[in-house]
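> The listed protein sequences derive, respectively, from chains Z and D. For the first sequence, the working numbering gives the first residue as 22, with consecutive numbering after it. For the second sequence, the working numbering gives the first residue as 11, with consecutive numbering after it. Don't be surprised by glycine CBs; every beta carbon is placed ideally from N, CA and C. From a predicted model like this one, the values you see are computed outputs, not experimental measurements.
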Amino acid sequence: MAPTLPATTGTGPQAVREQPETEARPDTEAQRAFDRAVAAEERIEPRDWMPDAYRATLVRQIAQHAHSEIIGMQPEANWITRAPSLRRKAILIAKVQDEAGHGLYLYSAAETLGVSREELLEKLHSGRQKYSSIFNYPTLTWADVGAIGWLVDGAAITNQVPLCRCSYGPYARAMVRICKEESFHQRQGYELLLALSRGTPAQHAMAQDAVNRWWWPSLMMFGPPDAESEHSAQSMAWNIKRHSNDELRQRFVDICVPQAEALGLTLPDPDLRWNEERGHYDHGPIDWEEFRQVLRGRGPCNAQRLEQRRRAHREGAWVRRAAAAHAARQAAHREQEQERERGRGRGREEAA
Amino acid sequence: MGDDALVLSHRLAEWLGHAPELEEELALANISLDLLGQARAFYALAGDEDALAYRREEREFRNVQLVERPNGDFAHTIARQLFFSVWQELLFGGLAGGTGPVAGVAAKAVKETAYHRDHAEQWTVRLGDGTEESHVRMQQAVDALWRYTGELFQPLDGRAEQDGPEVSMEELRREWRERIETVLGRATLAVPDGPDADAWSAGAGRQGVHTEPFGRMLAEMQYLHRSHPGAVW
Chain Z
22 MAPTLPATTG TGPQAVREQP ETEARPDTEA QRAFDRAVAA EERIEPRDWM
72 PDAYRATLVR QIAQHAHSEI IGMQPEANWI TRAPSLRRKA ILIAKVQDEA
122 GHGLYLYSAA ETLGVSREEL LEKLHSGRQK YSSIFNYPTL TWADVGAIGW
172 LVDGAAITNQ VPLCRCSYGP YARAMVRICK EESFHQRQGY ELLLALSRGT
222 PAQHAMAQDA VNRWWWPSLM MFGPPDAESE HSAQSMAWNI KRHSNDELRQ
272 RFVDICVPQA EALGLTLPDP DLRWNEERGH YDHGPIDWEE FRQVLRGRGP
322 CNAQRLEQRR RAHREGAWVR RAAAAHAARQ AAHREQEQER ERGRGRGREE
372 AA
Chain D
11 MGDDALVLSH RLAEWLGHAP ELEEELALAN ISLDLLGQAR AFYALAGDED
61 ALAYRREERE FRNVQLVERP NGDFAHTIAR QLFFSVWQEL LFGGLAGGTG
111 PVAGVAAKAV KETAYHRDHA EQWTVRLGDG TEESHVRMQQ AVDALWRYTG
161 ELFQPLDGRA EQDGPEVSME ELRREWRERI ETVLGRATLA VPDGPDADAW
211 SAGAGRQGVH TEPFGRMLAE MQYLHRSHPG AVW
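1) Could you tell me if Ala-229(D) is buried or exposed, where buried requires 16 or more neighbouring beta carbons within 10 angstroms of its beta carbon?
2) Mind checking if Gly-407(Z) is an interface residue toward chain D, Cβ cutoff 7 Å exclusive?
3) Identify, in the order they occur along the chain, each residue of the same chain with its Cβ nearer than 7 Å to the Cβ of Ala-195(Z), setting aside the five sequence neighbours on each side.
4) Listed from N- to C-terminal order along the chain, which residues in the region 100–111 of chain Z have their beta-carbon within a distance smaller than 9 Å of any beta-carbon of chain D?
5) Which residues mark the beginning and the end of the alpha helix (DSSP H) in which Tyr-126(Z) is found?
6) List, in order along the chain, the chain Z residues whose C-beta lies closer than 8 Å to that of His-86(D)?
7) If we define contact as Cβ-Cβ less than 7 Å, is Leu-142(Z) a contact residue for chain D?
8) Counting only beta-carbon separations shorter than 7 Å, does Gly-9(Z) have a partner in chain D?
9) DSSP three-state call for Ala-296(Z): helix, strand or coil?
10) Using a Cβ cut-off of 8 Å, pull out every chain D residue sitting near Leu-127(Z), in sequence order please.
11) Kindly confirm or deny that the region 227–245 of chain Z and the region 171–179 of chain Z touch, where touching means at least three C-beta pairs closer than 8 Å.
12) Check whether the Cβ atoms of Tyr-211(Z) and Leu-79(Z) lie closer than 7 Å to each other.
13) For the beta strand (DSSP E) containing Asp-308(Z), name the first residue and the last one.
14) Give the residues of chain A in contact with Pro-80(D), contact being defined as C-beta atoms less than 9 Å apart.
15) Can you round the beta-carbon distance between Val-340(Z) and Pro-80(D) to whole angstroms, since I take them to be within the 8 Å contact cut?
16) CB Pro-96(Z) to CB Thr-162(Z), shorter than 7 Å?
17) Against Met-11(D), what residues of chain Z qualify as contacts under a CB-to-CB distance less than 7 Å, listed in chain order?
18) What is the DSSP secondary structure of Ile-92(Z), reduced to helix, strand or coil?
19) Could you tell me which of Gly-27(D), Glu-191(D), Val-17(D) and Glu-59(D) sits nearest to Ser-246(D), measuring between CA atoms?
20) Quick one: what's Tyr-189(Z) bridged to in DSSP?
21) Check whether the Cβ of Leu-234(D) lies closer than 7 Å to any Cβ atom in chain Z.
22) Distance, Cα to Cα, Trp-70(Z) vs Gly-220(Z)?
23) Determine which residues share a DSSP beta bridge with His-225(Z) and list them.
24) Below 9 Å between beta carbons is the criterion; list the residues of the region 327–350 of chain Z that meet it against any residue of chain D, in chain order.
25) Report the option in Phe-55(Z), Gly-170(Z), Arg-326(Z) and Pro-279(Z) whose CA atom is closest to the CA atom of Ile-91(Z).
26) Can you confirm whether Pro-30(D), when its beta carbon is compared against all beta carbons of chain Z, has any partner nearer than 7 Å?
27) Going by DSSP, which residues form a beta bridge with His-301(Z)?
28) Short of 6 Å in beta carbon distance, which residues of its chain neighbour Val-232(Z), apart from the five on each side in sequence? Order them along the chain.
29) For the alpha helix (DSSP H) containing Phe-243(Z), name the first residue and the last one.
30) Interface residues of chain Z around Ala-241(D) at Cβ under 7 Å?
31) Shortest alpha-carbon distance to Pro-202(D) belongs to which of Gln-217(D), Gln-150(D), Pro-165(D) and Pro-239(D)?
32) Using the beta-carbon of each residue, which ones in chain D are nearer than 7 Å to Val-278(Z)?
33) Using the Cα positions of Phe-312(Z) and Lys-151(Z), report the straight-line distance between them to the nearest angstrom.
34) Using CA coordinates, which residue listed in Pro-111(D), Arg-147(D) and Gly-195(D) is at the minimum distance from Leu-55(D)?
35) Taking all protein chains shown into account, decide if Trp-309(Z) is buried (16 or more other Cβ within 10 angstroms of its Cβ) or exposed.
36) For Val-117(Z), return the contacting residues in chain D, with the cut-off set at a CB-CB distance below 7 Å.
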């Protein structure tokens with residue numbers, strides 16, 4: 022999308038401060054150009070004018086997405102040191118490494134909207150910004166690593182593939198890269214479960230138990246039912262969101278049922294059956310009360326996840342301070358060097 | 011050498027989810043993964059990787075004690091990495107000149123090792139020449155781990171050198187010492203004058219005599235594999 026206002030030189034806080042003035046007159050040329058661009062499926066870029074509410078929604082969503090990547094490292098890292106084979110251990114380390122990378126892409130995408138990673142982390146640590154509710158469940162056995170790959174990453178992909186076409190360019194581009202890696206993780210999770218399912222009776226039971234515990238929380242990843250989703254309508258109008266929560270959830274269920282059959286595992290829902298008329302699987306009711314409890318911070322691992330994140334940040338503070346102090350000293354040295362260089366240059370000129 | 015890589019890889023992986031910043035989560039995971047790859051390549055020359063990693067006991071592991079030292083704070087992790095990576099880069103550089111399978115593994119690993127060494131050097135300088143607190147912590151880490159460095163220069167198991175060129179441990183020690191002194195100097199840190207090669211424990215890890223935390227590390231690493239004898243993962 023072509024900028025309709027003089028491009029600001031940066032995307033930092035200054036760029037944000039310039040917005041409200043225009044925002045007060047929503048039918049300005051800027052607003053109309055924005056609406057046209059969204060309607061024409063064009064990409065909004067960091068220097069383009071955008072409504073404040075659009076910016077705020079994106080900051081909230083991208084930050085929450087980034088936080089989910091870094092909190093999501095914890096339940097899986099919990100099993101790295103106990104991984105049962107070197108091959109599985111290598112796969113798991115690579116996966117957790119990818120998640121840190123996804124967190125980095127997403128914080129960078131959020132920063133194009135005029136917020137800093139530090140601010141966002143502060144909001145995560147103080148509980149003012151959320152992360153995906155799924156990561157508040159514990160990983161109790163090795164099979165949980167497979168269930169997370171298959172179901173949790175599967176649900177994430179179902180949610181995120183449409184975001185590759187979202188109207189905000191930096192977010193859409195981050196999602197293209199992330200989705201590629203996520204699909205890979207999902208296949209690896211499926212393959213891990215398949216090995217367990219076809220393994221010894223104890224391994225099979227471990228896989229089934231993990232699927233039983235992760236199935237419903239995975240369905241909750243799509244968010245509340247459409248009727249109760251407060252941000253949905255606006256996000257769809259802005260082309261940030263492409264499908265409703267219930268649509269995506271249905272798509273996910275339809276994909277998972279045959280996969281579970283192929284795995285030789287069952288899904289823990291007695292009401293799950295094919296509905297000829299709809300051409301979809303019907304599923305049983307979701308325990309939304311549990312969902313609300315987890316979102317309110319009362320899930321099984323909320324306190325633990327947040328505390329580990331805060332501790333890592335707190336205990337790493339001296340390292341970050343050292344890096345900053347060293348960088349400042351280096352910069353000062355360079356400046357002195359340049360100053361001396363200039364001094365010598367002037368000396369030569371005068372001599373000449 | 012496979013045991014060195016496996017054990018240090020495991021220690022670095024313990025950092026995941028706990029690193030001081032996101033970039034370090036990535037870097038430590040990356041180094042851990044490289045080392046795990048090296049361990050698997052060395053194990054492949056010796057037999058079944060999982061049997062070697064998961065079904066040997068403490069006394070059968072031949073890694074140097076340096077790599078099994080607990081992570082401690084970030085400075086301890088960096089000091090351990092610096093001492094080990096400089097050694098590994100020099101050793102692999104020498105071994106890579108050979109023609110046998112060990113030379114092949116070393117030749118691939120030496121590139122990764124240069125990156126690990128660069129990362130450790132940069133952090134040593136940043137922490138040593140950072141704030142007062144980071145300087146003190148980095149010096150403490152260097153001092154605490156110094157006594158474990160002597161073991162790096164004990165003669166290696168003959169098999170490593172069978173197909174490689176002679177790597178003189180005396181020469182390795184001199185080069186290692188020079189490079190470490192340079193980095194510590196840039197970091198405004200003192201080279202410890204305590205024992206290293208003469209420490210009584212030097213060479214113990216290579217004979218299967220380890221430090222106490224190592225047994226607990228193995229207990230965690232091996233528990234699942236050992237709970238399901240004969241299972242395929």
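The short version:
1) exposed
2) Here chain Z comprises residues numbered 22 to 373, so residue 407(Z) is not present and cannot be evaluated.
3) Tyr-126, Leu-127 and Ala-130
4) Trp-100, Ile-101, Thr-102, Arg-103, Ala-104, Pro-105, Ser-106, Leu-107, Arg-108, Arg-109, Lys-110 and Ala-111
5) 107–132
6) The contacting residues do not exist; His-86(D) stays about 12 Å from chain Z at best.
7) no
8) Residue coverage of chain Z in this structure runs from 22 to 373, which leaves residue 9(Z) outside it and unanswerable.
9) The residue asked about is misnamed: residue 296(Z) is Asn in this sequence, not Ala. The answer is strand: DSSP assigns Asn-296(Z) an E or B state.
10) Neighbours of Leu-127(Z) on chain D: none; closest Cβ ~10 Å, over 8 Å.
11) yes
12) no
13) Note, Asp-308(Z): premise wrong, no beta strand (DSSP E); not H, not E.
14) Among the chains of the structure shown, chain A does not appear; the protein chains present are Z and D.
15) No, Val-340(Z) and Pro-80(D) are not in contact; Cβ-Cβ is about 17 Å, not under 8 Å.
16) no
17) Neighbours of Met-11(D) on chain Z: none; closest Cβ ~15 Å, over 7 Å.
18) helix
19) Any answer about residue 246(D) is impossible in this case: the structure gives chain D only from 11 up to 243.
20) Ile-65(Z)
21) yes
22) 57 Å
23) In the DSSP output, where bridge partners are listed per residue, His-225(Z) has none listed.
24) Gln-329, Arg-330, Arg-332, Ala-333, His-334, Glu-336, Gly-337, Ala-338, Trp-339, Val-340, Arg-341, Arg-342, Ala-343, Ala-344, Ala-345, Ala-346, His-347, Ala-348 and Arg-350
25) Arg-326(Z)
26) yes
27) Asn-296(Z)
28) Ala-168 and Leu-286
29) That residue, Phe-243(Z), is in no alpha helix (DSSP H); it is neither H nor E in DSSP.
30) Gly-220, Thr-221 and Gln-224
31) Gln-150(D)
32) The contacting residues do not exist; Val-278(Z) stays about 26 Å from chain D at best.
33) 13 Å
34) Pro-111(D)
35) exposed
36) Leu-26 and Ala-39
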